[in-house]
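Worksheet for the structure shown next.
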């Protein structure tokens, strides 16, 4: 009888059920989409923050002091130690290799160029542009095109295995060079493939493939420092603790969190005789920005959940209130308050499940759309979200209907029978 | 008091029949709400909550750009001024920059030379204003900032105490134990007292920083670079760059593209996400209002039927219920607006640790939206009810 009541209620009052079900589905859609966006937004914004530049730098352990003003290196080339280029692919072998979005090695060489009859000392910067490397079975591409996306080229990017170079726009103006021309440097004739506008010290330098810089310097395989761009977790008090002072479990927890400090430690493990540290200008501030944005989205998600819960409650309350006459009739026929209430609760549960599944599907699709249109990447929906969302839907629907059901079952059936409801 | 004369009675009836009908209209409106207090309050509550949420979200959306830009100013300078052709900037350049920037940013002067340590090791020494740098470059990790030494004190060569901020790498080279050390530049010697160390992970770690006064007195070189962290939108920054270029013609004004482009990207995507979220939330809030108000109007069907049976025209009935819905909408909207401003202020304090300015521009939007939603939610049931005979409703079917 109970089952028949519920079934008939759905069969005969399709319109009313549809309205209530749609309200639940909409509420669940918004909840699902917001939760999906909120859980993924941290990672998405973190990736966007990487466009500000590398946040870690690896240098030789026994390096001597840098003497550099405005991008011009005044240190004698024989001074200082170097890292080995062969060690670089090992960066993709560290524990947090999935968080490394790119790295670029740097080798500055002081060369003299002749123009207007004068000789001028200029820095030639050797680096990777878009170099393909392999580590184990992994193939990846990395270089300044990943770590410094704000560089603009008038012309073409040099190939990493060629003898083409870029000239910074300020230097190009002084030398009177244009893209496509040649430049004589250190006895070599180099082809200028493009003019670089970086907005920094590089605008006064020549930027060349690393192999070319190594040839000019006469030190094959040498690298002065490596700029690494990594997705990190904002630094907190735990991150700043000295790893040497930590015991096994605590150390594991620190090591397995992508703090700038732990990734720096892992980089020194991968590259022998090196030291790594965070570039504070980038690393410190991105933590603050990320925390703010994540906090904001979290609070907005709460607001969305609240709004959805209210919408569902309002819809259910209205739907049940409309059926007071029905309740009165059932009570007049002898049904107890509990029996009547349980019919309504059962209906509510079924509506919640159906609306919940529908809403989850639409919400997931909506989250995908948001991810693609704003971030050009997928927003991942953890499958465990479905039972959680359904449970929330059922609970909210129950809570929303509870007050209305209670009021409805407490009414005197006489009013229903007299038609005064 | 005597009984009214027939003359007075006629006048009274005449005046009453020509009197405005609005008093009855208003009376019915108010009584309807008062009699159904419970339902009216719950409808008002739904309206108010929806308006509050919509207001808070819109407030945040308008404000969040300004808040996040402030975070990005911590990245340091986004405008650099250098003397053309590598010359020094004119002596009054910093004062000019200050007057142009005028509270919308921070400026700090810099100059660098290569000096030699007592062992003949070349080292970069920079001159700057420590107070300004401290505000501009907040990521510098400094254990002890030197205070600026006024020029008059530094005149006495004997007692010249030149406090310096030494980069951590430079410290290991020039003064491992933290003792004063000597530097020489073109034959001029200087005794430097290391007050503190600075660590940034970048070029600063290999330099020594002196106060600008000490630096200029020792080297005779004026600053050739001024870094400016300008606040505001990209248009504001470009405008400031133009004004700086006009104020100091001898300077080349360049943007720091690295920071400006990154900031624009991140803020653009955050704003888009926020817009999507705000749209979804407002949609849901409207749904809440829609269902509550539809129930409210449907509940009034007996009143509707009675009025129609008494001879009210369809136009009057529609107008009456529309007015009721609009009044409910407007009241809820205003209450909700006040609550929403409070919520936005709370979010601003909790998340941004700054006040969120209540944007009154949001009120007309919320008001208009609320009235539109309430009218919409009233139209549907009224048109449905209008088709039914009043006797059917009164009979309880």
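Chains as they are written, first to last, in the numbering used here: chain A, 267 to 687; chain B, 23 to 419.
Even for Gly, the Cβ is constructed at its ideal location relative to N, Cα and C.
| Check | Outcome |
| --- | --- |
| Might you give, ordered along the chain, the residues of its own chain that have their beta carbon closer than 8 angstroms to the beta carbon of residue 317 of chain A, omitting 5 neighbours on each side? | 415, 416 |
| Under the three-state reduction of DSSP, which class applies to residue 578 of chain A: helix, strand or coil? | helix |
| What does a CB cutoff of less than 8 angstroms around residue 349 of chain A pick up in its chain, not counting 5 residues either side in sequence? | 324, 325, 326, 371, 488, 489, 490, 491, 492, 537, 539, 540 |
| Measure the Cβ-Cβ separation of residue 452 of chain A and residue 392 of chain A and say whether it is below 8 angstroms. | no |
| Please classify residue 106 of chain B as buried or exposed, where buried requires at least 16 neighbouring CB atoms within 10 angstroms. | exposed |
| Can you tell me which of the three DSSP states residue 267 of chain A falls into? | coil |
| For the beta strand (DSSP E) that residue 301 of chain B lies in, which residues bound it at each end? | Not the beta strand (DSSP E): residue 301 of chain B falls in the alpha helix (DSSP H), residues 279-321. |
| Give the range of the alpha helix (DSSP H) segment to which residue 590 of chain A is assigned. | 590-598 |
| I need the boundaries of the alpha helix (DSSP H) containing residue 218 of chain B, first residue and last residue. | It is not in any alpha helix (DSSP H) - residue 218 of chain B instead sits in the beta strand (DSSP E) that spans 210-221. |
| Whole-angstrom Cβ separation of residue 365 of chain A and residue 524 of chain A, contact assumed at under 8 angstroms? | 5 angstroms |
| Please list the terminal residues of the continuous beta strand (DSSP E) segment that includes residue 135 of chain B. | 127-139 |
| Can you find the residues in the same chain that come closer than 6 angstroms, C-beta to C-beta, to residue 112 of chain B, ignoring five residues on each side of it along the sequence? | 272 |
| Could you list which residues in chain B have their beta carbon closer than 7 angstroms to that of residue 332 of chain A, in chain order? | 225, 228 |
| Which first and last residues belong to the alpha helix (DSSP H) in which residue 671 of chain A is found? | 651-675 |
| If you measure between the beta carbons of residue 412 of chain B and residue 316 of chain B, is that distance less than 8 angstroms? | no |
| Give the DSSP bridge partners of residue 566 of chain A, in chain order. | DSSP, once it has assigned bridges, lists no residue as partnering residue 566 of chain A. |
| Using the beta-carbon of each residue, which ones in chain B are nearer than 9 angstroms to residue 664 of chain A? | Simply none; closest approach about 17 angstroms. |
| Starting from residue 729 of chain A, follow the alpha helix (DSSP H) in both directions and report where the run begins and ends. | With chain A covering only 267 through 687, there is no way to say anything about residue 729 of chain A. |
| Tell me the rounded alpha-carbon separation between residue 396 of chain B and residue 290 of chain A. | 20 angstroms |
| Using only alpha-carbon positions, find the residue among B:156, B:127, B:98, B:195 that is nearest to residue 142 of chain B. | B:195 |
| Is residue 98 of chain B buried or exposed, if buried means 16 or more other CB atoms sit within 10 Å of its CB? | buried |
| Straight-line CA distance for residue 507 of chain A to residue 437 of chain A? | 45 angstroms |
| Between which two residues does the beta strand (DSSP E) containing residue 475 of chain A stretch? | 472-475 |
| Report the partner residues of residue 203 of chain B according to the DSSP bridge assignment. | B:214 |
| Pick from B:131, B:29, B:33, B:414: whose alpha carbon is nearest that of residue 157 of chain B? | B:131 |
| If you pair each beta-carbon of the stretch 426-444 of chain A with each one of the stretch 466-480 of chain A, do three or more pairs fall below 8 angstroms? | yes |
| Whose C-beta lies closer than 6 angstroms to the C-beta of residue 293 of chain A among residues of the same chain, with five residues either side of it excluded? | 574, 577, 578 |
| So residue 633 of chain A and residue 303 of chain A are in contact, right, with Cβ under 8 angstroms, and what is the actual spacing, rounded? | 6 angstroms |
| Mapping the DSSP letters down to three states, classify residue 348 of chain A as helix, strand or coil. | coil |
| On the three-state DSSP scale, how would you describe residue 433 of chain A? | strand |
| Counting only beta-carbon separations shorter than 8 angstroms, does residue 404 of chain B have a partner in chain A? | no |
| For a contact defined as C-beta to C-beta under 7 angstroms, what are the partners of residue 529 of chain A on chain B? | Near residue 529 of chain A there are no residues of chain B at all, since even the closest Cβ is about 13 angstroms away, more than 7 angstroms. |
| Can you find the residues in the same chain that come closer than 6 angstroms, C-beta to C-beta, to residue 332 of chain A, ignoring five residues on each side of it along the sequence? | none |
| For the pair the stretch 658-665 of chain A and the stretch 616-623 of chain A, tell me if three or more CB-CB distances fall below 8 angstroms. | yes |
| Taking all protein chains shown into account, decide if residue 63 of chain B is buried (16 or more other Cβ within 10 angstroms of its Cβ) or exposed. | exposed |
| So for residue 504 of chain A, helix, strand or coil by DSSP? | coil |
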